[in-house]
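Protein chains in written order, with this note's numbering: chain P, 215 to 611; chain V, 215 to 611. Below: one structure, written as structure tokens.
Number of protein chains: 2
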Amino acid sequence: MVHLNLDKYKNLRREIDESWINIHPIQRGGILPPESKETLLSFGDGYSTCDFCIEGRIDLVRTPPVLDFAMDLAKFLNMDEVRFTPGARGAKQAIFRSIAKPGDTIILDSLAHYTSYIAAEVNDLKIVEVPHSGYPEFRINVEDYAAKIDEVKRQTGALPAAILLTHVDYRYGNLSDAARLGKIAKDYGVPYILNAAYTAGLMPIDGKKLGVDFLICSGHKSMAASGPIGVLATTYEFAGKVFRTSAIKGPWSGRAFLKKDVFLFGCPPVYGAPIATLMSSFPYVYERVKRWDEEVNKARWFVKELERIRDFHQLGQRPRQHTLITFETPSFHKISKKHPRKGFFLYEELKRRKIAGIHPGMTRLIKLNIYGLTKEQIQKVIDAFHEIARTYEIEVE
Amino acid sequence: MVHLNLDKYKNLRREIDESWINIHPIQRGGILPPESKETLLSFGDGYSTCDFCIEGRIDLVRTPPVLDFAMDLAKFLNMDEVRFTPGARGAKQAIFRSIAKPGDTIILDSLAHYTSYIAAEVNDLKIVEVPHSGYPEFRINVEDYAAKIDEVKRQTGALPAAILLTHVDYRYGNLSDAARLGKIAKDYGVPYILNAAYTAGLMPIDGKKLGVDFLICSGHKSMAASGPIGVLATTYEFAGKVFRTSAIKGPWSGRAFLKKDVFLFGCPPVYGAPIATLMSSFPYVYERVKRWDEEVNKARWFVKELERIRDFHQLGQRPRQHTLITFETPSFHKISKKHPRKGFFLYEELKRRKIAGIHPGMTRLIKLNIYGLTKEQIQKVIDAFHEIARTYEIEVE
């Protein structure tokens with residue numbers, strides 16, 4: 215056997231612990247509440263949720279109560295059926311695989327997460343993008359989907375296989391009008407996929423009211439789960455298609471796997487810590503979505519405070535509808551050009567103050583998320599930015 | 215919002231803790247060593263390994279040292295390149311998707327894990343099974359692959375897209391001759407996939423010596439990782455195909471994702487606890503595979519002791535080459551027919567002795583795994599079975 219020095223893998227610890235303020239744009243909604251850390255440890259072994267598996271599928275396990283949870287989660291989202299997936303990305307691939315065939319077209323918004331594009335690519339689908347409004351708001355006007363559906367129909371002779379909307383996008387944190395698009399989708403009779411990775415678990419989501427056929431959620435992004443784990447929720451109409459069970463049969467052995475979900479790996483790889491922590495965090499998530507308005511208010515206050523720094527401009531929708539926020543910061547970018555640490559100066563100034571999550575080296579645009587931070591913590595972040603600005607002689611109004 | 219009673223999800227704990235002896239057939243190789251429990255907690259939040267992600271793909275992250283780890287793991291397995299996947303099942307789907315097209319045929323052993331069949335089904339592939347020898351040994355004779363390859367060629371005019379062998383199967387724990395099949399695959403020029411979910415991480419595996427093109431491993435099954443996480447290892451020859459990066463482009467936006475692996479969800483959903491614990495357990499796994507012979511010896515001793523019970527017969531290869539063991543137990547099955555608790559009597563008798571992992575209700579066949587148990591623990595399991603036998607007046611020799 216080859217000799218390897220493995221010391222670097224011993225005592226592996228994350229550099230950022232709880233004494234830090236973490237404003238990483240993709241992390242705020244996935245932080246485990248204290249009670250889920252106990253659950254994480256208890257269910258730490260990979261197959262820990264499979265001790266009493268009778269049916270051979272994680273969503274049917276009764277101890278721990280995954281079967282009940284799947285039903286409660288469907289009610290919470292106001293959808294008919296849910297399954298768990300290896301991340302929201304896994305849900306997208308399963309949906310496209312089950313309702314489209316190679317060469318079909320899907321329409322998505324031009325702010326969609328890259329995994330929506332990859333899901334199309336892996337399924338050999340054509341894509342049509344709905345434009346955004348460009349600088350500075352980058353809005354998606356969902357009315358534009360109608361023209362795109364007409365265009366696809368004209369060019370291909372058929373309706374698109376599906377339309378996908380990113381409820382809140384990861385670049386500007388813009389909230390798009392999912393309910394309005396639900397009406398358009400219904401008018402055209404086109405399956406409607408809503409990627410709610412940044413909303414479900416943070417704000418109340420009512421799938422039926424939004425008129426969606428498929429609702430995709432992310433446990434580790436917005437449901438305080440360890441993960442990676444996604445949620446694929448759908449209606450009775452589509453459940454049979456996307457949750458189609460296996461029909462393959464061993465030609466010699468006669469073996470068959472009638473309970474296994476074909477498009478979800480048979481039993482999706484979410485057993486163990488991902489599903490256990492998604493469950494244990496659910497009571498906490500159920501309560502926190504009721505306080506979404508407070509989060510939005512904190513976000514607006516934060517924007518106001520940061521825009522007191524010269525040449526700090528919030529991009530995306532105004533006023534803020536979400537806690538994920540992007541600023542363009544030409545004043546800081548100018549500093550980086552002269553600073554011996556170049557673009558890393560900001561990252562390092564924040565690090566010194568135990569604030570983590572700004573992309574190292576980035577100063578032209580700053581993306582961050584303040585979801586779930588206390589007012590005191592947000593004040594510390596504001597103070598840090600103001601201090602850094604003043605250190606480099608940038609005016610703070 | 216709908217009102218839900220969520221008390222059952224609070225303080226979620228696994229029923230089986232460390233005071234139990236767990237002989238669950240799929241769990242023994244995935245139990246975290248103590249040092250990885252600390253890592254699990256530290257990296258508990260879903261995107262915890264993404265704090266310093268620059269390249270946008272988990273296998274390229276340098277802090278924690280995933281990039282180094284991917285290279286060390288490739289050396290450990292003696293393969294050229296590795297990627298991480300949502301379970302071994304994810305690796306199978308990615309391989310089939312990248313090297314076969316709908317309608318192609320793959321050959322697999324008739325003891326293959328169901329996810330190998332599902333991977334074929336989701337990719338619209340035809341399957342041909344290599345028979346096993348039937349009762350009582352259920353051996354796969356890898357020489358039979360040659361005849362099946364000829365048969366496929368005769369019937370379809372082309373070689374099969376791939377052949378897949380399950381290194382150790384999950385039903386009888388039989389170890390098949392992977393190296394011999396490597397030679398056959400080479401002779402025919404057919405891509406060769408080895409599913410080493412029950413071997414890599416338990417016993418030393420040398421992919422080059424076995425002549426495999428694709429080596430599939432399971433972190434939560436055999437590499438002491440929390441997971442779910444799989445490993446897809448391949449050669450330079452196939453890396454470009456199975457690890458093909460994205461080529462899709464937003465037709466309006468021009469967006470592209472050139473670093474993302476198309477068949478692995480862009481960045482595979484293994485970030486956070488799965489990859490962190492796979493890494494932190496690696497030094498432990500690296501050492502333990504050197505002691506595989508001791509494990510096999512313990513398994514043989516265990517079989518000898520259990521076969522002292524009247525009508526206990528070990529199924530599968532003799533002598534044992536693996537710690538996953540199936541017994542047929544007609545004497546216990548007879549008890550279940552008269553027992554007020556029916557087939558559950560055995561499960562409950564074991565539970566009373568804090569031994570977990572036997573499928574509840576099953577008495578005709580008993581499947582278990584003693585990997586990594588101490589001799590004292592194994593003795594306790596033996597004593598428990600002997601005691602239960604005597605309780606129901608079944609002779610123990």
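Ideal Cβ placement from N, Cα and C applies to all residues, glycine included. Nothing here was measured: the structure is a model prediction, and the numbers come from that model.
message = I'd like to know if V:Cys-431 contacts chain B, where contact means its C-beta is closer than 8 angstroms to some C-beta of that chain.
response = The structure shown contains no chain B; the protein chains it does contain are P and V.
* To do: Hey, could you find the ends of the beta strand (DSSP E) V:Gln-528 is sitting in?
  => Indexing the second sequence from 1 puts residue 528 of chain V at position 314. Start and end: 527-529.
inquiry  = Taking DSSP's pairing of strands, which residues face V:Glu-569 in a bridge?
reply    = The count along the second sequence starts at 1 and reaches residue 569 of chain V at position 355. In the sequence on display, residue 569 of chain V carries Ile and not Glu. In the DSSP output, where bridge partners are listed per residue, V:Ile-569 has V:Ile-235.
Proximity to V:Phe-452 [Cα-Cα], best of V:Leu-429, V:Ala-438, V:Ala-302
Within the second sequence, residue 452 of chain V is the residue found at index 238, counting from 1. The shortest C-alpha separation from V:Phe-452 is found at V:Leu-429.
List, in order along the chain, the chain P residues whose C-beta lies closer than 9 angstroms to that of V:Leu-226? Translated into positions along the second sequence, residue 226 of chain V becomes position 12. Simply Glu-249, Ser-250, Glu-252, Thr-253, Ser-256, Phe-257, Pro-278, Pro-279, Ala-490, Thr-491, Met-493, Ser-494.
> How about P:Ser-440 and P:Thr-380: are their beta carbons less than 8 angstroms apart?
Replying inline: Here residue 440 of chain P refers to the residue found at position 226 when the first sequence is read from its first residue. Here residue 380 of chain P refers to the residue found at position 166 when the first sequence is read from its first residue. Contact annotation: P:Ser-440 and P:Thr-380 have beta-carbon atoms that are not nearer than 8 angstroms.
ask   = What do you reckon, are the CB atoms on P:Ile-572 and P:Phe-298 nearer than 8 angstroms?
value = Here residue 572 of chain P corresponds to residue number 358 of the first sequence, with the count starting at 1. Here residue 298 of chain P corresponds to residue number 84 of the first sequence, with the count starting at 1. Their beta carbons are not under 8 angstroms apart, which means P:Ile-572 does not touch P:Phe-298 by this criterion.
At what residue ranges does the region 304-352 of chain V contain a whole run of the beta strand (DSSP E), taking only runs of 3 or more?
You should have 319-323, 340-344.
Keeping to the same chain, check which residues put their C-beta closer than 6 angstroms to that of V:Val-382; ignore five residues upstream and five downstream.
Along the second sequence, read from residue 1 onward, the residue named residue 382 of chain V stands at position 168. Only Leu-389, Tyr-412, Thr-413, His-536 meet the Cβ criterion.
- Item | For P:Ile-268 and V:Pro-374, the rounded distance between their alpha carbons | Along the second sequence, one-based indexing puts residue 374 of chain V at 160. Along the first sequence, one-based indexing puts residue 268 of chain P at 54. Going from the Cα of V:Pro-374 to the Cα of P:Ile-268 covers about 35 angstroms.
Report task. Report the rounded CA-to-CA distance for V:Lys-512 versus V:Asn-236, giving the unit in angstroms. Result -> What you label residue 512 of chain V is simply residue 298 of the second sequence in a count that begins at 1. What you label residue 236 of chain V is simply residue 22 of the second sequence in a count that begins at 1. Computed Cα separation, rounded: 16 angstroms.
message = Below 7 angstroms on C-beta distance, what does P:Ser-460 contact in chain V?
response = Here the question's residue 460 of chain P lines up with position 246 in the first sequence. Ile-332, Glu-335, listed in chain order.
C-beta neighbour in chain V for P:Glu-609, strict 8 angstroms: For the purposes of this step, residue 609 of chain P is taken as the residue at position 395 of the first sequence. For P:Glu-609, the answer is no, since every Cβ of chain V falls outside 8 angstroms of its Cβ.
- So, helix, strand or coil for V:Glu-295, using DSSP? Translated into positions along the second sequence, residue 295 of chain V becomes position 81. In the structure shown, V:Glu-295 adopts extended strand secondary structure according to DSSP, grouped into three states.
- Item | Interface positions of the region 571-591 of chain V facing chain P (Cβ-Cβ less than 9 angstroms), listed along the chain | Taking 9 angstroms as the cut-off between beta carbons, the residues of the region 571-591 of chain V near chain P are Gly-571, His-573, Pro-574, Gly-575, in sequence order.
- C-alpha gap between P:His-600 and V:Ile-240, whole angstroms: For the purposes of this step, residue 600 of chain P is identified with residue 386 of the first sequence, where counting begins at 1. For the purposes of this step, residue 240 of chain V is identified with residue 26 of the second sequence, where counting begins at 1. Roughly 55 angstroms between the two C-alpha positions.
Using a 10 Å radius around the Cβ and a threshold of 16 neighbouring Cβ atoms, would you call V:Asp-265 buried or exposed?
If you number the second sequence from 1, residue 265 of chain V lands on position 51. Note on V:Asp-265: 16 or more other CB atoms within 10 angstroms of its CB, so buried under the neighbour-count rule.
Looking at chain P, is there any beta carbon in it that lies within less than 8 angstroms of the beta carbon of V:Phe-516?
Here residue 516 of chain V refers to the residue found at position 302 of the second sequence. At a cut-off of 8 angstroms, the C-beta of V:Phe-516 has no neighbouring C-beta in chain P.
Kindly list the residues whose CB is nearer than 6 angstroms to the CB of P:Asp-338, restricted to its own chain and excluding five residues on each side of it in sequence; keep chain order.
In the first sequence, counting from the first residue as 1, residue 338 of chain P sits at position 124. Excluding five sequence positions before and after P:Asp-338, the CB atoms of its chain that fall closer than 6 angstroms to its own CB belong to Pro-316, given in chain order.
In this structure, what does DSSP give as the bridge partners for V:Thr-540?
-> Working through the second sequence from its first residue, we reach residue 540 of chain V at position 326. Per the DSSP secondary-structure output, V:Thr-540 pairs in a beta bridge with V:Leu-529, V:Lys-581.
Worksheet entry | Boundaries of the alpha helix (DSSP H) in which P:Ala-393 is found, first to last residue | Residue mapping note: residue 393 of chain P aligns to position 179 of the first sequence, counting from 1. Start and end: 392-402.
- Item | Minimum Cβ-Cβ distance from P:Arg-303 to chain V less than 8 angstroms | One-based indexing of the first sequence puts residue 303 of chain P at position 89. Judged by the 8 angstroms Cβ criterion, P:Arg-303 is in contact with chain V.
Going along chain V, which residues have a C-beta under 7 angstroms from P:Gln-241?
Residue 241 of chain P sits at position 27 when you count from the first residue of the first sequence. Simply Asp-259, Tyr-261.
**Q.** From V:Gly-425, V:Ile-443, V:Val-426, residue whose alpha carbon lies closest to that of V:Gly-433
**A.** Position 219 of the second sequence, counted from the first residue, corresponds to residue 433 of chain V. Selected option, being the one with the closest Cα: V:Ile-443.
**Request:** Can you give me the start and stop residues for the alpha helix (DSSP H) that V:Ala-513 sits inside?
**Result:** As a first step, residue 513 of chain V is located in the second sequence; it is residue number 299 there, counting from the start. 506-520 is the span of the alpha helix (DSSP H), which, as asked, contains V:Ala-513.
To be precise: take each residue of the region 301-329 of chain P, compare its Cβ to all Cβ atoms of chain V, and keep it if any distance is under 8 angstroms. Which residues remain? Listed by position along the chain: Gly-301, Arg-303, Gly-304, Gln-307, Arg-311, Ser-324, Tyr-328, Thr-329.
Would you say V:Pro-488 touches the ligand MN, meaning its beta carbon is less than 7 angstroms from a heavy atom?
In terms of ligand content, the structure shown is empty, and the ligand MN therefore cannot be addressed.
In terms of residues, what are the limits of the beta strand (DSSP E) holding P:Val-216?
The residue labelled residue 216 of chain P in the question sits at position 2 within the first sequence. Premise fails: P:Val-216 is in no beta strand (DSSP E) and is neither H nor E.
* To do: Helix, strand or coil for V:Ser-432, going by three-state DSSP, please let me know.
  => To locate residue 432 of chain V, count along the second sequence from 1; it is residue 218. Correct three-state label for V:Ser-432: strand.
Worksheet item: V:Asp-383 by DSSP, collapsed to three states: which one?
Response: Counting from one through the second sequence, the residue named residue 383 of chain V turns up at place 169. Correct three-state label for V:Asp-383: coil.
task = Answer with buried or exposed for V:Gln-369, where buried requires no fewer than 16 other C-beta atoms within 10 angstroms of its C-beta.
result = To locate residue 369 of chain V, count along the second sequence from 1; it is residue 155. With fewer than 16 other Cβ atoms within 10 Å, it is exposed.
To the nearest angstrom, how far is it from the Cα of P:Pro-158 to the Cα of V:Tyr-261?
The question about residue 158 of chain P has no answer, for chain P in this structure spans 215 to 611.
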